[in-house]
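Colleague: Following the numbering used here, the numbering of the sequence shown begins with 49 at its first residue and continues without gaps.
Positions of the beta carbon are idealized from the N, C-alpha and C atoms, including for glycine.
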Amino acid sequence: METTLKIEELAQFILGIFLFSQLDYAWWWFPALLLTPDIGMFGYLINTKIGAFTYNVFHHKAIAIAIGLSGFYLNNSLLILIGVILFSHASFDRVFGYGLKYPDSFKNTHLGSIGK
């Protein structure tokens, strides 16, 4: 099952690359922005509960999709870009087993424990 989930996430990451390719941004913006959603980890400097919340906000695919769709609705390419980057980053992370966080520990995710 773990391999199946990773393949699914990889396919979603490839979808994110495709969606980005449809935007009017230079190709180098994609790798340059891909890791920016990890800014959500700064919440862990306060405590694990806030860290999990901020991390999950920046890594939740429904939020990414909502931002991207609002960009389409409002004809705002920046919102579309933000949605695509958030979606792509979340998929990229999950290929490597980094899932949404539980509030007790950074290593405790919806995909299981990191670093088993």
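1. Is it true that the stretch 119-129 meets the stretch 93-111, where meeting means three or more beta-carbon pairs spaced less than 8 Å apart?
2. Counting beta carbon pairs with one atom in the stretch 59-71 and one in the stretch 85-94, are three or more of them shorter than 8 Å?
3. Apart from the five residues just before and just after PHE135, which ones in its own chain have a Cβ nearer than 7 Å to its Cβ?
4. Pull up the CB-CB distance for LEU81 and VAL143, whole angstroms please, since I reckon it's below 8 Å.
5. Identify whether TYR150 lies in helix, strand or coil by the three-state DSSP scheme.
6. Once DSSP output is grouped into helix, strand and coil, what is the label at ASN156?
7. Could you pull the DSSP bridge partners for SER118 from this structure?
8. For ASN95, tell me which candidate among HIS158, ILE162, SER161, SER153 has the shortest Cα-Cα distance.
9. For ALA74, is the classification buried or exposed, using 16 other Cβ atoms within 10 angstroms of its Cβ as the cut-off for buried?
10. Less than 8 Å between C-beta atoms, sequence neighbours within five positions excluded: which residues of the same chain meet that for TYR150?
Modeller: In this structure, then:
1. no
2. no
3. One-based indexing of the sequence shown puts residue 135 at position 87. So the list reads GLY64, LYS109, ALA112, ILE113, GLY116, once near-sequence residues are dropped.
4. Residue mapping note: residue 81 aligns to position 33 of the sequence shown, counting from 1. Residue mapping note: residue 143 aligns to position 95 of the sequence shown, counting from 1. About 18 Å; that fails the 8 Å criterion.
5. Within the sequence shown, the letter at position 102 stands for residue 150. Strand, per DSSP.
6. Within the sequence shown, residue 156 is the residue found at index 108, counting from 1. If DSSP states are grouped into helix, strand and coil, ASN156 belongs with the strands.
7. What you label residue 118 is simply residue 70 of the sequence shown in a count that begins at 1. Looking at the DSSP assignment, SER118 forms no beta bridge with any residue, so it has no partner.
8. Taking the sequence shown and counting its residues from 1, one reaches residue 95 at position 47. Measuring from the Cα of ASN95, the nearest candidate turns out to be SER153.
9. As a first step, residue 74 must be located in the sequence shown, where it is residue number 26. Under this definition ALA74 is an exposed residue.
10. Taking the sequence shown and counting its residues from 1, one reaches residue 150 at position 102. Contacts found: ALA100, ASN156, THR157, HIS158.
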